[in-house]
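Enquirer: Going down the list, the sequences are from chains A and B.
With this note's numbering applied, the first sequence covers 2 to 366.
With this note's numbering applied, the second sequence covers 334 to 695.
All C-beta atoms in this analysis are idealised placements derived from N, C-alpha and C, irrespective of residue type, glycine included.
Take this structure, written in structure tokens, and hold onto it; I'll ask about it next.
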Amino acid sequence: MLRLEKRPSPSRAWNYATPLVAVAATMFLGGLLFLALGKNPFEAIRLIFWDPLFSPQFAAYSRPQLLVKAGPLILIAVGLSIGFRAGIWNIGAEGQYIIGALCAAAVALFFYPAENPLVFPLMIVAGAFGGWLWAMIPAILKTRFNTNEILVSLLLVYVAEKLLAAAATSFMRNPDGGGFPGSRDFTRYPSSANNEIIANTGMHWGVVAAFIAVIFAYVLLQRHLLGFQVRLAGQAPRAARFAGVNPARLVVLSLGFSGALAGMAGMFEVSGPAKLVSIDFNAGYGFTAIIVAFLGRLHPVGILLAGLLLALTYIGGELAQFMLGLPAAAIQVFQGMLLFFLLAFDVLSNYRVRFSMPGRKAEAA
Amino acid sequence: MKRRQLLATSAAALGLAATAGTRGAFAQSPMKVGFIYVGALGDFGWNYAHDQARLAAQEHFGGAIETTFVEAVPEGPDAERVMTQMALSGAQMIFATSFGYGPAVNAVAARFPDVAFEHATGYMQDHPNVSLYNARFHEGRAVIGTIAGRMTETNKIGYIAAFPIAEVLMGINCAYLHAKKVNPDAEMRVVWAFTWGDPALEAAAAEALIDQGCDIIMSHTDSTAPLLVAQERGVHAFGQASDMSSFAPETHLTAIVDNWAPYYISRIQEKLDGSWTAGNVWPGLAEGEVLIAPYGPAVPAEVQEEADAMIAAISSGEYNPFTGPLNKQDGSVWLEEGQAADDGMLWGMDFYLEGIEGEIPS
């Protein structure tokens, strides 16, 4: 019989081993899934995990794309992780991402077509401000009226989406676009273009910002009093209050921080990879980042790795789709398996598995 | 050991495929044609119609081409990446089947000048290897507008619209105009869904329209949800993009079918022959790119005849669905007596015609 026994403290070895075990289990069960669909499982797994990184045909392009895809995910997830650690649940990063992008786009369109080196930094500030502002709505409603920040932040995503559609079809529409929806192409306006810093590396300013955010969050959580308060509030809210942690202040700070980072992510995306404000500009980064945050165990370095891993499954998943004809749903199931196993095997770092002979009770029954 | 071997051989095979693809010289190797869809091809609407055309092309050319696709690709950087990887895998031709793929199509086309790009419903054409194609969906709206005008009993027709853009407004105006022509009391109620495909939202929109007294539902969104609601509530509805009669067997009147197959087959043939050049086409009922699905059991014979006459008049070119005198909603003149709208005027449409109530959201 299997029995779980709580460990006195989480196992360090399992903490590091579970991601590998989870990936292996996903490969095995995912392989069976692909086999059931009539595809060669080895080829599918190779296309997903190996080819984007090492195939001579694709890697030169897809390796940099890994950074492009992971950049916004990491940036948003790092912001979210601070709040999540303190038990403050910002589910609306998608909305903050949109508003950040819209604010940044407004700055760029205001200055267009004047060339000015200050436009880009101003756009970053505007993006962060927009995201922060959108996150302040649930923050203030929570601290003033004790509303639930999960609901408010989530519902504000839909408000932001409507604003985005309105912007793309009316007030930010490209006047030279023949009446079609979509703003000007920001990558063609040199002052606002978020291009690759070094060609063919995928490194744009958003990726740099993501790396900086990872380092900043690491230092904050490990070395700063605020980081200590965040962890304390999450693990022992009562103790935190006795220790003088002001919960309202923590709500405002963590929601504001995550909103600002999500807004910045939107800014870097709209001025670079996405090129313009379009009706469907938001591609779900704000929601996927929640997964990345938990996958990375709310640890900055973990989030960095989780973002890259998830980006790999996206890019490899696309390869598997058109090289093997796998349906998109199969790839999504595969990604789902990966997350499921990662969380499921987490049990092993907190619990010890005991095998024991059936006890008397079982015999009696 | 075994794994290594497998990797090595497959890598070699891939490398071989790559060189064959870029040279396109191997007489026996099929030409790769890639398709990217913005939604799931199981929507039985827009994306499904494109995939049906892909399958038709694959069947038509047999071993001469190999088609591949990626579904549910968001517009933006993801589309650019998918198309780049398709081109890297040796695709000679790529069909990008959503409006929002425009910037990505042009970015990838610049990098792969030998690959032919076909972009549906777009307008950006910055490179000689980017071709544009569209369909005159509004011609189909003239037909279903006629049927709706004849068949409504409450004189209220419900319309589920996606986004306030010219293509959608053409559909609303054209359907309204032709309903009004055969039934002066007909009114149009428009609900803006602000999505191309969200079954739950589309269903809610259909419910709302029926609650307002509409007894005919037409939609310009991608899913079959409005049909399911219509069937359940016992009101008539039209399919969109493909024949949706199986989702509302009793109340499905007909559907505007997007038939991309003839265009795909002729363009792929040209690419195979080496005669492909970029174009910009907008065919409709006449060319068979827009089809009207078989009429449902609810459509009376005389209405069918009237609808057929409308199809014939548009197909032969003797009738332009937008012919003056027509006024805008605010009463100002859009088309003079006898004046027919040209394509430029249609693409500039950002208004309701006179008689439609409500405001276009902005």
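1) Applying the 10 Å Cβ sphere with the 16-neighbour rule, what's the burial state of V158 (chain A)?
2) First and last residue of the alpha helix (DSSP H) that includes T289 (chain A)?
3) I'd like to know whether the C-beta atoms of M682 (chain B) and V476 (chain B) end up nearer to each other than 9 Å.
4) At the level of alpha carbons, what is the spacing between Q66 (chain A) and V623 (chain B)?
5) Around the C-beta of E692 (chain B), are 16 or more other C-beta atoms found within 10 angstroms, so that it is buried, or is it exposed?
6) Using the rule of at least 16 other Cβ atoms within 10 Å of the residue's Cβ for burial, across every protein chain shown, is N195 (chain A) buried or exposed?
7) Does DSSP put R566 (chain B) in a helix, in a strand, or in coil?
8) Pull the bridge partners of R522 (chain B) from the DSSP assignment, please.
9) If you reduce the DSSP assignment to three classes, tell me which class W15 (chain A) lands in.
10) Tell me whether A588 (chain B) sits in a helix, a strand or coil according to DSSP, three-state version.
11) Entirely within the segment 450-479 of chain B and at least 3 residues each: give me those beta strand (DSSP E) ranges in chain order.
12) The segment 55-82 of chain A: which residues have C-beta closer than 7 Å to a C-beta of chain B, in chain order?
13) Look up W667 (chain B) in the DSSP assignment and say whether it is helix, strand or coil.
14) List the residues of chain D whose Cβ lies closer than 9 Å to the Cβ of S422 (chain B), in chain order.
15) Opposite F402 (chain B) in the DSSP bridges: which residues?
16) Checking contacts by CB at 9 Å: is E413 (chain B) closer than that to chain A?
17) Can you pull the chain B residues whose beta carbon is under 8 Å from the beta carbon of L277 (chain A), in chain order?
18) Let me confirm a value: L3 (chain A) is counted as buried when at least 16 other C-beta atoms fall within 10 Å, else exposed. Which label applies?
19) By the 10 Å Cβ neighbour count, where 16 or more other Cβ atoms means buried, how is D606 (chain B) classified, buried or exposed?
20) At the level of alpha carbons, what is the spacing between L340 (chain A) and L233 (chain A)?
21) Does the contact criterion of 3 or more C-beta pairs under 8 Å hold for the segment 485-496 of chain B versus the segment 586-594 of chain B?
22) What's the C-alpha gap between A519 (chain B) and N488 (chain B)?
23) Let's test the definition: count the other Cβ atoms within 10 Å of the Cβ of N439 (chain B) and tell me whether it reaches 16, buried, or not, exposed.
24) Based on the DSSP output, what are the partners of I427 (chain B) in its beta bridges?
25) Do I199 (chain A) and P301 (chain A) have their CB atoms nearer than 9 Å?
26) For T528 (chain B), which of A:L222, A:L165 and A:G203 has the nearest alpha-carbon?
27) Starting from V208 (chain A), trace the alpha helix (DSSP H) in both directions and tell me its first and last residue.
28) Between Y315 (chain A) and chain B, is any beta-carbon pair separated by less than 9 Å?
29) Should the segment 422-440 of chain B be called in touch with the segment 69-87 of chain A, which here means at least 3 C-beta pairs below 8 Å?
30) Quick one: grab the DSSP three-state call for A574 (chain B).
31) Would you kindly work out how many angstroms separate the C-alpha atoms of S556 (chain B) and A563 (chain B), rounded to a whole number?
32) G572 (chain B) to P627 (chain B), Cα distance in whole Å?
33) For the segment 14-22 of chain A against the segment 328-346 of chain A, are there 3 or more C-beta pairs whose distance is under 8 Å?
34) When you compare the CB of G395 (chain B) with every CB in chain A, is at least one pair closer than 9 Å?
35) Counting Cβ pairs, one atom from each stretch, are 3 or more of them under 8 Å apart for the segment 631-648 of chain B and the segment 479-487 of chain B?
36) Is the CB-CB distance between P559 (chain B) and A574 (chain B) below 9 Å?
Expert: Result, derived from the coordinates:
1) Counting from 1 along the first sequence, the entry for residue 158 (chain A) is found at position 157. By the 10 Å Cβ count, V158 (chain A) comes out buried.
2) Within the first sequence, the letter at position 288 stands for residue 289 (chain A). It spans Y286 to L296 - the alpha helix (DSSP H) in which T289 (chain A) sits, taken as one unbroken run.
3) If you number the second sequence from 1, residue 682 (chain B) lands on position 349. If you number the second sequence from 1, residue 476 (chain B) lands on position 143. Result no, Cβ atoms of M682 (chain B) and V476 (chain B) do not sit closer than 9 Å.
4) Stepping through the first sequence from its first residue, residue 66 (chain A) is reached at position 65. Stepping through the second sequence from its first residue, residue 623 (chain B) is reached at position 290. For the pair Q66 (chain A) and V623 (chain B), the Cα-to-Cα distance works out to about 38 Å.
5) For this step, residue 692 (chain B) is matched to residue 359 along the second sequence. Exposed.
6) Here residue 195 (chain A) is taken as the residue at index 194 of the first sequence, counted from 1. So N195 (chain A) ends up on the buried side.
7) Along the second sequence, one-based indexing puts residue 566 (chain B) at 233. Three-state DSSP puts R566 (chain B) in a helix.
8) Counting from 1 along the second sequence, the entry for residue 522 (chain B) is found at position 189. B:G491, per the DSSP bridge assignment.
9) Counting from one through the first sequence, the residue named residue 15 (chain A) turns up at place 14. It is helical.
10) For the purposes of this step, residue 588 (chain B) is taken as residue 255 along the second sequence, with counting starting at 1. Reduced to three states, the DSSP call for A588 (chain B) is strand.
11) 463-466
12) S56, P57, Q58, F59, Y62, S63, Q66 and V69
13) Within the second sequence, numbered from 1, the residue matching residue 667 (chain B) stands at position 334. Reduced to three states, the DSSP call for W667 (chain B) is strand.
14) Annotation note: the requested chain D is absent from the structure, which comprises protein chains A and B.
15) Along the second sequence, read from residue 1 onward, the residue named residue 402 (chain B) stands at position 69. According to DSSP, which records beta bridges pairwise, F402 (chain B) is partnered with B:F368.
16) Taking the first residue of the second sequence as position 1, residue 413 (chain B) is located at position 80. Yes - at least one Cβ of chain A is within 9 Å of the one on E413 (chain B).
17) Here the question's residue 277 (chain A) lines up with position 276 in the first sequence. Ordered by position in chain B, the residues that pass the 8 Å Cβ test against L277 (chain A) are P436.
18) Locating residue 3 (chain A) in the first sequence gives position 2, where the first residue counts as 1. When all chains shown are included, L3 (chain A) counts as exposed.
19) Numbered from its first residue, the second sequence carries residue 606 (chain B) at position 273. It is exposed - the Cβ of D606 (chain B) has fewer than 16 other Cβ atoms within 10 Å.
20) Numbered from its first residue, the first sequence carries residue 340 (chain A) at position 339. Numbered from its first residue, the first sequence carries residue 233 (chain A) at position 232. Between L340 (chain A) and L233 (chain A), the C-alpha separation is close to 27 Å.
21) no
22) The residue labelled residue 519 (chain B) in the question sits at position 186 within the second sequence. The residue labelled residue 488 (chain B) in the question sits at position 155 within the second sequence. Rounded to the nearest angstrom, the two C-alpha atoms are 5 Å apart.
23) Translated into positions along the second sequence, residue 439 (chain B) becomes position 106. Answer is buried; the Cβ neighbour count reaches 16.
24) Position 94 of the second sequence, counting from 1, holds the residue named residue 427 (chain B). DSSP lists B:G367 and B:F450 as partners of I427 (chain B).
25) Position 198 of the first sequence, counting from 1, holds the residue named residue 199 (chain A). Position 300 of the first sequence, counting from 1, holds the residue named residue 301 (chain A). Contact: no.
26) Indexing the second sequence from 1 puts residue 528 (chain B) at position 195. Closest option to T528 (chain B), Cα to Cα, is A:L165.
27) Sequence index remark: in the first sequence, residue 208 (chain A) carries index 207 (1-based). V208 (chain A) -> alpha helix (DSSP H) spans W206 to R224.
28) Working through the first sequence from its first residue, we reach residue 315 (chain A) at position 314. At least one chain B Cβ lies under 9 Å of Y315 (chain A).
29) no
30) Counting from 1 along the second sequence, the entry for residue 574 (chain B) is found at position 241. It is a strand residue.
31) For the purposes of this step, residue 556 (chain B) is taken as the residue at position 223 of the second sequence. For the purposes of this step, residue 563 (chain B) is taken as the residue at position 230 of the second sequence. The alpha-carbon atoms of S556 (chain B) and A563 (chain B) are separated by roughly 13 Å.
32) Locating residue 572 (chain B) in the second sequence gives position 239, where the first residue counts as 1. Locating residue 627 (chain B) in the second sequence gives position 294, where the first residue counts as 1. Spanning the two alpha carbons is a distance of roughly 11 Å.
33) Between the segment 14-22 of chain A and the segment 328-346 of chain A, the count of C-beta pairs closer than 8 Å reaches three or more; the two stretches touch.
34) For the purposes of this step, residue 395 (chain B) is taken as residue 62 along the second sequence, with counting starting at 1. It does not; no Cβ of chain A falls within 9 Å.
35) yes
36) Looking up residue 559 (chain B) in the second sequence gives position 226. Looking up residue 574 (chain B) in the second sequence gives position 241. Their beta carbons are not under 9 Å apart, which means P559 (chain B) does not touch A574 (chain B) by this criterion.
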